[in-house]
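Novice: Counting in my numbering, the sequence shown runs from 339 upward without gaps.
A virtual CB, placed ideally from N, CA and C, is assigned to each residue, including glycine.
Since we're looking at a predicted model, the values are computed, not measured.
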Amino acid sequence: MTRKPSTLTSHLGRDPAHHYGAVSTPVYRVSTILMPDLKTLEEGTAPYVYGRRGTPTSESFANAINELEHGALTVVTPSGLAAITTAILAVCRAGDHLLVSDSAYFPTRNFCDRVLARYGVETTYFDPCSGAEIETHFRSNTRAVFCEAPGSLTFEMQDIPAIAEVAHRRGASVLMDNTWATPLYFQPLEHGVDLSIQSVTKYIGGHSDLMMGYVCATASHAERLKHTHGDLGQFASADDIFLALRGLRTLARRLPVHEQTGLELARWFAARPEVARVLHPGLESDPGHRIWKRDFRGACGLFAVELKGVSHAGLAAFMDGLELFGMGWSWGGFESLVTPAHIVRTARPWPASATVVRVHAGLEDAQDLIADLTQGFERMARAG
Ligand SMILES: Cc1ncc(COP(=O)(O)O)c(C=O)c1O
């Protein structure tokens, strides 16, 4: 029987019979785990051996994600960025060449340019609207392709199945930061990705009160992910894993609200005279819409708006007086946010003069949000 996402997120990973009937797997705060005898200690056959190598709480979360993503192994990390770096290190070694989408989350670029480069891995950035044409960037030593669709800040779509076909034919792995869609709206491993990456900090956490990430691997990539994760000493706090599991339980009910409010705001922005264009693959007019519609089951509440020739004072007047939108660097929580987008591109130039504002639609009422934004545009007009 194929069950629907809300049924899955309500039930996956739970095992009350092993926790005195507790509905949610409790927080196991543990470092040392005592072994029953020397034989078990020497053979390492206990179900849990050390706090950093897995606990019933982390296992509960990992089991749920493996089922949602149809993966063979899920590991948890202390942040989404740690999940990105762990996944890259699991596949690359000195002398390799890595292809990264030009619109990848900026700290991903920093890791490639500042850390990987020191260890002899060279990175080339590719057009974030790429599909099979990515093959022109392949070299004999290209080890992996790192995708993020839609991309950070500018929301371009890549054709993931086409990229995966090229990469696998050329003997390379495909990694994807799937934080925008979450495993409910896009299933990377079903579309040819080998390592699916998620910042749990965002929608799975959902309440802006935890930092965590995960990487979920296909069977062919499970061993190298397991060893790299262990060798780097990666894990996540017991409390954060517990909160992530709690967030997961309501994800399938929260995401459609973020999606609907996000689309309502996006369409409202698109009709405003102050707006040059809206960057949201869920809009029919967006260049990435066809691929989004073909491969994704939905959109989250994050998109961007390019404003027409606004001064810095005008932008400040718009943003500073907003009552319902906070200004902050994350997203995926229940609250709405706006942040100016600082866009750095090397493969596909982005006009330096464009003023782009990233918008996160939270769980507030859409009309209340629109009223707040309307007042913002009125302040902007007064500021000139
Ligand atoms: C697309 C994307 N991936 C990864 C991350 C990193 O996640 P974390 O903040 O949990 O390290 C972020 C954070 O903003 C993000 O926007």
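(1) Does DSSP put glycine 714 in a helix, a strand or coil?
(2) Would you kindly work out how many angstroms separate the C-alpha atoms of leucine 522 and valine 361, rounded to a whole number?
(3) Can you tell me whether arginine 587 is buried or exposed? The criterion is at least 16 other CB atoms within 10 Å of its CB, across all chains shown.
(4) Could you spell out where the beta strand (DSSP E) holding glutamate 486 opens and where it closes?
(5) Smallest Cα separation from leucine 533: which of Leu662, Val429, Leu711, Gln705?
(6) Threshold first: 4 residues or longer. Then list the alpha helix (DSSP H) segments lying entirely within the segment 645–716, N to C.
(7) Quick check: the Cα distance between threonine 517 and valine 538, rounded to an integer number of angstroms?
(8) Output the distance between the C-alpha atoms of glycine 647 and phenylalanine 524, rounded to the nearest integer angstrom.
(9) Give the range of the alpha helix (DSSP H) segment to which histidine 559 is assigned.
(10) Could you give the distance in angstroms between the alpha-carbon of glutamate 644 and the alpha-carbon of arginine 615?
(11) Check each candidate in Leu589, Leu603, Phe493, Glu460 and name the one with the smallest Cα separation from arginine 477.
(12) What alpha helix (DSSP H) runs, 4 residues minimum, are completely inside the segment 567–625?
(13) From the DSSP output, read off the bridge partner residues of isoleucine 535.
(14) Please classify glutamine 705 as buried or exposed, where buried requires at least 16 neighbouring CB atoms within 10 angstroms.
(15) With the cut-off set at 9 Å, would you say tyrosine 358 and threonine 393 are in Cβ contact?
(16) Residues in the same chain with beta-carbon distance under 8 Å from threonine 566, minus the five sequence neighbours each way, listed in chain order, please.
(17) Cα-Cα, which of Gln713, Ala487, Ala685, Leu406 is closest to aspartate 465?
(18) State the DSSP-derived secondary structure class of glutamate 460, mapped to helix, strand or coil.
(19) Can you tell me whether alanine 642 is helix, strand or coil according to DSSP?
Specialist: Let's see:
(1) helix
(2) 22 Å
(3) buried
(4) 480–486
(5) Val429
(6) 650–658
(7) 8 Å
(8) 35 Å
(9) 557–569
(10) 5 Å
(11) Glu460
(12) 576–608
(13) Asp515, Val553
(14) exposed
(15) no
(16) Thr424, Leu427, Ala428
(17) Ala685
(18) strand
(19) strand
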